[in-house]
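In order, the protein sequence lines correspond to chains A and B.
The numbering of the first sequence is this note's numbering, which starts it at 1 and goes up by one.
The numbering of the second sequence is this note's numbering, which starts it at 1 and goes up by one.
All residues carry an ideal CB built from backbone N, CA and C; glycine is no exception.
Fair warning: this is a prediction, and the values are worked out from it, not measured in the lab.
For reference, the structure discussed in these notes is given below.
Number of protein chains: 2
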Amino acid sequence: MDISVDCVVFGFDEKKLKVLLIEQRQPGKDKTLPRLQTALPGDLLKENESLDGAAKRVLRELTSLKGIYLKQFHTFGDPMRVKNLKDQDWLRTFRAHPERRVVTVGYYSLVKLEDYSPKASSFAGKTKWIDVYELPELAFDHNVIVEYALDVFRHELIADNIGFELLPEKFTLSQLQHLHEIVLNKKLDKRNFRKNVLKLDQLKPLNEKQQGVLHKPAQLFQFKTKKKS
Amino acid sequence: MDISVDCVVFGFDEKKLKVLLIEQRQPGKDKTLPRLQTALPGDLLKENESLDGAAKRVLRELTSLKGIYLKQFHTFGDPMRVKNLKDQDWLRTFRAHPERRVVTVGYYSLVKLEDYSPKASSFAGKTKWIDVYELPELAFDHNVIVEYALDVFRHELIADNIGFELLPEKFTLSQLQHLHEIVLNKKLDKRNFRKNVLKLDQLKPLNEKQQGVLHKPAQLFQFKTKKKS
DNA sequence: TCAAAAGTGTTGCATCTACACCCATGG
DNA sequence: CCATGGGTGTAGATGCAACACTTTTGA
């Protein structure tokens, strides 16, 4: 039995909440056409690696960012989760033991898109940001895993206001609010949102304003400091 | 690499919050004295078993109760978690591959003590209920696992009022309140507690009162119905 | 009649929601 | 000077915490 980690990497581009996916053209075998496989980044756990370590490694292979928000949220162990035909065909192209059962530990991660640049080196396939609300069919049970991650993320966004993990280093309150609105899928009141988020005392106003916008430039803020939970 | 599940089974006896543990005398090897090993119930995942299935099986082997509250809460994968000496000695007494690394998926469970009766058949060792606030040193990282479980349980007790899962079928509001007080480790106001818990509309008052108590007998309640989350 | 826990409402305070107008900037 | 989003305060409603006395039963 194998163990893997899969990472649901969320990013935010001012309009959409996105998930980082790996797209790979599956070589056509015999008469069948090549299929496009889309999957979460993940990998088998190495012999001397912790779970968190494996998740970090997977992230490092995707991007060179450090200090990214990363959290284990659930473990998926259906005995059949990697057994269906198209997934098996695909696994055979790169796994030593494609037929083995795999239990996977799900992590979700929040990255600042402004800093993100894909690392070409690793992950043979191409990485792609895809709107979380418009996901294609993914490999294995990865659609389920993303839904689960999103669910947990929403709860933690409300409870811990971790939204700024998805925004640039310096951001405006409107950006933060838009993010919340998209993740939670509902409109929020501007004045109330600002009161609430400022009361949490996690944001530091900067002596700096937005530049080059065609309206009144907004105050920029910065995330104060890691909070202990 | 192996995968196991470990179950943190909580029970409540009107005074204390307890955890069900397995106690086994570890045969002394050579000159050393026999040691007492205390551990969470758990087992390796079988080839065709889901994680939830394995957790249920472990529970079934402890007790004949069905329909018990059971929830996955975290997965523990430190590469060294089963490697220390005393744990290795013990593992050698019953594991086919004691040296193998084990990643374990933690479940916690709530059982009604009134219905509980230990199943002698399985788990060679003896089962024991131990106060969660006075745990001895447990095998592996089981102390950490219990702490984690307790933490999650507290949050879910507040959020979902799952307390009645630990009480007899019929219970009084005072019993429920005492349970909350012990789990959360703080005193609660009687009137407010009753208002709150009744507002949730999960309890059905019965046409029945406590019997044989030397004070005004209390109204009995029953948990209404499984709520969907 | 005593002891022991059951049961019950109200008030003040804090929090949340709903809501509309002026401001600063770039074009 | 116009368009665009930025920024701000309040009143009313709601929710929550604090608090004390009467009731019922068994002994």
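Counting along the chain, Glu147 of chain A sits inside the alpha helix (DSSP H) bounded by residues His142 to Asp160. Residue burial is scored here from C-beta neighbours: Ala55 of chain A has at least 16 other C-beta atoms within 10 angstroms and is therefore classed as buried.
Proximity of chain B to Asn48 of chain A at the Cβ level (cut-off 7 Å) is accounted for by Pro79, in chain order. Here the alpha carbon of Leu198 of chain A sits roughly 17 Å from the alpha carbon of Glu169 of chain A. Asn185 of chain A carries a coil assignment under DSSP once its states are collapsed to helix, strand and coil. For the region 87-117 of chain A, the beta-carbon criterion of a distance under 8 Å to any beta-carbon of chain B is satisfied by Arg101, Val103 and Val105. Counting only runs of 4 or more residues that sit fully inside the region 62-114 of chain B, the alpha helix (DSSP H) segments are 85-92, in chain order. Assignment of Ser174 of chain A by DSSP, reduced to helix, strand and coil, places it in the helix class. Any Cβ of chain A closer than 8 Å to the Cβ of His142 of chain B would place that residue at the interface, and such an atom is absent. For Tyr133 of chain B, the number of other beta carbons within 10 angstroms of its own is below 16, and it is reported as exposed. Annotation: Cβ neighbours of Leu51 of chain A in chain B (cutoff 9 Å, chain order): Thr75, Phe76, Gly77, Asp78 and Val103.
If you look at Lys199 of chain B, you'll find it in the alpha helix (DSSP H) that goes Lys190 to Lys199. Note on Val213 of chain B: under 16 other CB atoms within 10 angstroms of its CB, so exposed under the neighbour-count rule.
Contacts with chain B at 8 Å (Cβ-Cβ) include Gln72 of chain A. Secondary structure of Asp13 of chain A (DSSP, three-state): coil. By the Cβ criterion, the region 5-17 of chain A is in contact with the region 161-175 of chain A, since at least three pairs of Cβ atoms, one from each stretch, lie closer than 8 Å. In the structure shown, the three-state DSSP call for Gly42 of chain B is strand.
Bridge partners of Phe164 of chain B according to DSSP: none are assigned. Chain-ordered, the chain A residues with CB closer than 8 Å to the CB of Leu45 of chain B read Met1, Gly77 and Val103. Under the criterion of beta carbons closer than 8 Å, Ile68 of chain A and Pro41 of chain A do not qualify as touching, at roughly 13 Å. Annotated as proximal: Ala139 of chain A and Thr38 of chain A, with beta-carbon spacing under 8 Å. In the structure shown, Val5 of chain A adopts extended strand secondary structure according to DSSP, grouped into three states. Assignment of Glu137 of chain B by DSSP, reduced to helix, strand and coil, places it in the coil class.
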